[in-house]
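Everything below concerns the one structure shown next.
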Amino acid sequence: MISVEFLFDYASPYSFLANETLGAKLPGIGIEIDYRPVYLRGFDAFAKTIPFTAPKLAYTILDLRRCAADLGIELRVPNSFPINGLYALRGAIAAERAGRFAAYHQAMFQAAWQRGRDISTKDAVAALATELGFSDVAAVLDDASIKDELRANTDAAIKRGAFGLPTFFVGAEMFWGHDRIDQVAREITRVAAS
């Protein structure tokens, strides 16, 4: 079984685009996708660029719309963009622990990037989790062990060389960006053949 680590943040629209195309582009036999929530604002380089300048914000939204159109993906940028994924990421860890990750994961990306909902606050994430029937997830968004796991994921990503999201690892090989999934697929094929 070949493992592909997918480092993402729900606040990253490019992580959303990657998530929407990942399954279709990767060879399916003998592959396991290890979804790893990572806090993008925990990367020093990214944190220094918030808030976006007006030209960068305008261009980023234009680029997102172009990329989504190229991929045939519906995209609705939240009015509050850029958003903060902290609580949504904590919720992902809680959902994973509760055995509900897949449904939570899809719903959170869709809420932010297809319905344009702001998922930046604890209340917003708790409300969405409750709508999904995951009130147990909403109840633990401030749990110390969940905070620690998210911090550890982010620190580990930085130590491995990640500097932005989405990032993928196949073994020690790193790939950055939603537009690198074809390269990830080639690496999987290479590893499988060796």
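In terms of the numbering used here, the sequence shown opens at residue 2 and continues consecutively. Glycine residues also receive a C-beta, built at the ideal position from the N, C-alpha and C atoms. Just so we're clear, the structure is a prediction, and the values are computed from it rather than from any experiment.
In this structure, F82 lies away from F17, with their beta-carbon atoms at least 8 Å apart. When DSSP reads this structure, I3 sits in a beta bridge with I32. Here R101 carries a coil assignment [DSSP, helix/strand/coil]. For F9, same chain residues with a beta-carbon under 8 Å away, outside a window of 5 residues either side, are S16, A19, N20, Y36, R37, P38, V39, L166, P167 in chain order.
Taking all protein chains in view, the Cβ of G162 is surrounded by fewer than 16 other Cβ atoms within 10 Å, so the residue is classified as exposed. Under the three-state reduction of DSSP, E75 is assigned to coil, being neither helix nor strand.
Spatial neighbours of I94 in its own chain (CB-CB distance under 7 Å, excluding positions within 5 residues in sequence) are listed in chain order as P38, I147, E150, L151.
Following the DSSP letters along the chain, one finds T168 in no alpha helix (DSSP H) but inside the beta strand (DSSP E) bounded by residues 168–171.
At a Cβ-Cβ threshold of 8 Å, P28 and V78 do not count as neighbours. When the alpha-carbon of A12 is set against those of Y105, L87, D180, the nearest one is in L87. Residue nearest to S4 within the set G24, L23, I30, I34 is I34 (criterion: CA-CA distance).
DSSP lists no bridge partner for E188.
A distance of 8 Å or more separates the beta carbons of S136 and A145. Taking 8 Å as the cut-off, the beta carbon of E6 is found no closer than this to the beta carbon of F176.
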